[in-house]
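In my numbering, the protein residues as written are 1272 to 1488.
What follows is the structure in structure tokens.
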């Protein structure tokens, strides 16, 4: 297996490249691969990640109005894939996810996205808070989808540069993102079940943005 010095060097490189890692029992590694893994196994993403700092200026240069989607704590790969599919259809310029605590982009996610994850840029960042602040400084409004408001999703002007934030069904959006949001947006519901699937919720907000853009023409 790997010696102590090599492990330290490997961990240093992993941290330098902002790659997530887990320490697991050797039995788990044995289950992951029948080959001689020597104490380390890497999962290679089927896509390359982008940086939102490069994407936003390019959108403005093309004369387009930015629409991006921040996914805070979405860990289910099928939900992630379904959101990516809807986002691509709605003309979203980029998806933004945290470096840790996000769904793996694996074959299931790719399949559920119907290939959208090969088309829409995915940006991975250590701090969604800092990324959201960057977006606001770049002229985007932050619209957070949450039940913790009396304002419905129809009130924001999505024809303006916009970053929509979606949280997990279990935990919602982090408090720090809620705090800096320009708008809080609630989906009206009249049944007894208190929440929608997050991919459905994302679709509702994105297509309100699409509706407003069509109405503007």
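Even for Gly, the Cβ is constructed at its ideal location relative to N, Cα and C. For clarity, every value in this text was computed on a predicted model and none was experimentally measured.
Hey, could you find the ends of the beta strand (DSSP E) residue i is sitting in?
i: residue 1321; result: Residue 1321 -> no beta strand (DSSP E), and no H or E assigned at all.
Opposite residue i in the DSSP bridges: which residues?
i: residue 1443; result: 1439
i: residue 1305; result: DSSP output for residue 1305 lists no bridge partner at all.
i: residue 1282; result: The partner list for residue 1282 (beta bridge, DSSP) is empty, contrary to what the question assumes.
i: residue 1454; result: 1414
i: residue 1365; result: 1339
i: residue 1433; result: 1338, 1412
Looking at residue j and residue i, is the spacing between their C-beta atoms short of 8 Å?
i: residue 1460; j: residue 1345; result: no
i: residue 1477; j: residue 1357; result: yes
i: residue 1495; j: residue 1475; result: Summary: the structure shown does not reach residue 1495, with the chain confined to residues 1272 through 1488, and so no result is reported for it.
i: residue 1337; j: residue 1432; result: yes
i: residue 1415; j: residue 1456; result: yes
i: residue 1388; j: residue 1376; result: yes
i: residue 1342; j: residue 1368; result: yes
i: residue 1383; j: residue 1352; result: yes
i: residue 1448; j: residue 1399; result: yes
i: residue 1297; j: residue 1303; result: no
Can you tell me where the alpha helix (DSSP H) with residue i in it begins and where it stops?
i: residue 1474; result: 1469 to 1487
i: residue 1351; result: 1348 to 1360
If residue i and residue j are in contact, beta carbons under 8 Å, what's the gap, nearest whole angstrom?
i: residue 1391; j: residue 1363; result: 6 Å
i: residue 1458; j: residue 1404; result: Not really, about 26 Å apart at Cβ, beyond 8 Å.
Which ranges would you report for the alpha helix (DSSP H) in the stretch 1370 to 1423 if only whole runs of at least 4 residues count? 1378 to 1383, 1399 to 1408
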